[in-house]
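**Q**
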Amino acid sequence: MSQQVQGVISRAKDAPVELVTINIPDPGPGEAVVKVQACGVCHTDLHYVQGGIGDDYPYLLGHEAAGIVEAVGDGVRDLAPGDYVILNWRAVCGSCRACKRGRPWYCFATFNATQKMTLEDGTELSPALGIGAFVEKTLVAAGQCTKVDPAAAPEVAGLLGCGVMAGLGAAINTGGVGRGDSVAVIGCGGVGAAAIAGARLAGAGTIIAVDIDERKLATAKELGATDTVNSREVDAVEAIQGLTGGHGADVVIDAVGRPETWKQAFYARDLAGTVVLVGVPTPTMQLELPLLDVFGRGGSLKSSWYGDCLPSRDFPMLIDLFLQGRLPLDAFVTETIGINDVDAAFAKMHGGDVLRSVVVI
Numbered sequence: 000m001s002q003q004v005q006g007v008i009s010r011a012k013d014a015p016v017e018l019v020t021i022n023i024p025d026p027g028p029g030e031a032v033v034k035v036q037a038c039g040v041c042h043t044d045l046h047y048v049q050g051g052i053g054d055d056y057p058y059l060l061g062h063e064a065a066g067i068v069e070a071v072g073d074g075v076r077d078l079a080p081g082d083y084v085i086l087n088w089r090a091v092c093g094s095c096r097a098c099k100r101g102r103p104w105y106c107f108a109t110f111n112a113t114q115k116m117t118l119e120d121g122t123e124l125s126p127a128l129g130i131g132a133f134v135e136k137t138l139v140a141a142g143q144c145t146k147v148d149p150a151a152a153p154e155v156a157g158l159l160g161c162g163v164m165a166g167l168g169a170a171i172n173t174g175g176v177g178r179g180d181s182v183a184v185i186g187c188g189g190v191g192a193a194a195i196a197g198a199r200l201a202g203a204g205t206i207i208a209v210d211i212d213e214r215k216l217a218t219a220k221e222l223g224a225t226d227t228v229n230s231r232e233v234d235a236v237e238a239i240q241g242l243t244g245g246h247g248a249d250v251v252i253d254a255v256g257r258p259e260t261w262k263q264a265f266y267a268r269d270l271a272g273t274v275v276l277v278g279v280p281t282p283t284m285q286l287e288l289p290l291l292d293v294f295g296r297g298g299s300l301k302s303s304w305y306g307d308c309l310p311s312r313d314f315p316m317l318i319d320l321f322l323q324g325r326l327p328l329d330a331f332v333t334e335t336i337g338i339n340d341v342d343a344a345f346a347k348m349h350g351g352d353v354l355r356s357v358v359v360i
């Protein structure tokens with residue numbers, strides 16, 4: 000029997016978000032209903048509101064969430080009511096060419112729930128990143144639920160569902176940061192700050208934070224940056240080279256996703272170094288670069304999808320590190336808010352006033 004719950008939707012491009020009644024169907028085969036306990040307010044949600052991802056309105060917003068499994072459908076194994084889970088938006092299929100090659104983090108056939116959540120009048124909702132978690136309960140594919148230690152508070156654990164995992168993974172998984180490496184991170188919002196924490200966790204020797212906001216640079220210092228660069232005041236490439244013996248960093252992570260910041264990352268790396276793009280560009284952005292420079296500098300140019308994470312592998316490990324005091328996930332929670340405060344959280348995010356606002360439901 001379907002349920003009615005309250006959730007936050009975006010009905011049209013740039014329209015104020017709305018708290019409305021949503022119908023949640025019983026889970027079908029391979030599906031689960033999860034009672035959401037907390038959900039972070041991510042830039043991706045704002046992109047949905049602004050029309051930057053698509054026009055399949057109305058969207059059920061929210062995707063960075065943790066909660067309790069309430070019910071599962073037929074055929075669901077290894078998941079049961081009462082399990083404490085983090086939701087992920089890349090449920091791997093296990094059978095595509097990437098999965099068969101042993102690279103499930105690149106799965107080309109990730110999936111979501113088959114059934115649709117709807118408004119009271121029957122209008123089908125598009126859940127943000129296949130989740131939709133600014134809501135009391137949500138319907139997802141069972142593979143989107145990753146069990147973790149319930150000792151971690153949901154407002155902290157849920158952040159691994161997107162932004163924090165994207166940053167940590169950009170450093171550890173995609174960038175392959177190792178002990179003693181030099182790392183520069185351009186853009187120190189939530190994702191960039193997580194990349195700094197990931198570089199520290201991996202044992203990097205020099206960690207350079209680059210931003211135009213002194214508040215973000217101060218936070219980066221707290222999370223492990225050894226040096227900071229205000230690129231509003233100095234040339235970022237020259238500054239990074241100066242802090243790395245004139246060579247450039249071994250790994251440079253662009254957490255902004257603009258052509259100008261990607262070029263900074265490209266030229267700020269050492270010969271044969273690695274550039275990682277984890278900031279999400281808009282569809283209209285173009286990049287122009289001398290091909291000879293690409294050839295002559297060697298190394299790797301990588302894009303990081305969701306931090307190249309495998310939720311079943313990475314989420315429990317990172318939660319355990321947090322509980323051991325080795326990974327300060329709680330430092331990313333700037334404030335906890337109610338489900339009616341999402342619009343205000345978007346404004347704070349736009350102004351650079353928060354790393355993460357977290358909706359507690």
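Note that my numbering has the sequence shown beginning at 0, numbered continuously upward. Glycine is no exception: its CB is placed at the ideal position from the N, C-alpha and C atoms.
Pairing CB atoms from the region 217 to 229 with CB atoms from the region 244 to 259, are three or more of them under 8 angstroms?
**A** Output reads no: the region 244 to 259 does not touch the region 217 to 229.
**Q** What's the gap between the Cα of Val-48 and the Cα of Asp-210?
**A** Approximately 25 angstroms, taken between the alpha carbons.
**Q** Of all the beta strand (DSSP E) runs that stay within the bounds of the region 199 to 230, which reach a length of 3 or more residues?
**A** Whole beta strand (DSSP E) segments, 3+ residues: 205 to 210, 226 to 229.
**Q** Kindly identify the DSSP beta-bridge partner or partners of Ser-94.
**A** DSSP lists no partner for Ser-94.
**Q** Per the contact definition of three or more C-beta pairs closer than 8 angstroms, is the region 179 to 188 in contact with the region 104 to 112?
**A** At 8 angstroms Cβ cutoff, the stretches do not touch.
**Q** Please check the pair Cys-41 and Phe-133, which I expect to be a contact at CB under 8 angstroms, by giving their CB distance rounded to whole angstroms.
**A** Not a contact, Cβ separation roughly 11 angstroms.
**Q** Put Phe-314 into one of helix, strand or coil per three-state DSSP.
**A** Helix at Phe-314.
**Q** How far does the alpha helix (DSSP H) with Ile-239 in it extend, from its first residue to its last?
**A** First-last of the alpha helix (DSSP H) with Ile-239: 235 to 241.
**Q** Bridge partners for Leu-138 per DSSP, in chain order?
**A** Answer by DSSP bridge pairing, in chain order: Val-32.
**Q** Which residues does DSSP pair with Ala-22 in a beta bridge?
**A** In the sequence on display, residue 22 carries Asn and not Ala. The partner list for Asn-22 (beta bridge, DSSP) reads Gln-3, Thr-117.
**Q** By alpha-carbon positions, which one of His-349, Arg-355, Asn-339 ends up nearest to Val-7?
**A** That would be Asn-339, whose Cα lies nearest to the Cα of Val-7.
**Q** Quick check on Asp-352: does DSSP put it in helix, strand or coil?
**A** If DSSP states are grouped into helix, strand and coil, Asp-352 belongs with coil.
**Q** Of all the options Phe-294, Lys-347, Met-164, which has the alpha carbon lying nearest to the alpha carbon of Asp-313?
**A** The shortest Cα separation from Asp-313 among Phe-294, Lys-347, Met-164 belongs to Met-164.
**Q** May I ask you to report which of helix, strand or coil DSSP gives Thr-273?
**A** Thr-273 falls in the strand class under three-state DSSP.
**Q** Helix, strand or coil for Arg-296 per DSSP?
**A** Arg-296: helix per DSSP, three-state reduction.
**Q** When you compare each of Gly-306, Phe-265, Leu-276, Cys-308 to Leu-290 by their alpha carbons, which one comes out closest?
**A** That would be Phe-265, whose Cα lies nearest to the Cα of Leu-290.
**Q** My guess is that Ala-65 and Val-84 are in contact by the Cβ rule of under 8 angstroms, so how many angstroms apart are they, rounded?
**A** That belief holds up - the Cβ atoms of Ala-65 and Val-84 are roughly 7 angstroms apart, short of 8 angstroms.
**Q** Work out the CA separation of Ser-9 and Ile-185 for me, nearest whole Å.
**A** Looking at the two C-alpha atoms, the distance is approximately 30 angstroms.
**Q** From which residue to which residue does the beta strand (DSSP E) around Asp-44 run?
**A** Run containing Asp-44: none in the beta strand (DSSP E); it sits in the alpha helix (DSSP H), 42 to 48.
**Q** At the level of alpha carbons, what is the spacing between Thr-145 and Thr-333?
**A** If I take the Cα positions, the gap works out to 24 angstroms.
**Q** Ignore the nearest five residues each way along the sequence and tell me which others in Asp-234's own chain have a CB closer than 6 angstroms to its CB.
**A** Around Asp-234: no qualifying Cβ.
**Q** If we count the other Cβ atoms within 10 Å of its Cβ and call it buried at 16 or more, is Gln-3 buried or exposed?
**A** Gln-3 should be labelled exposed.
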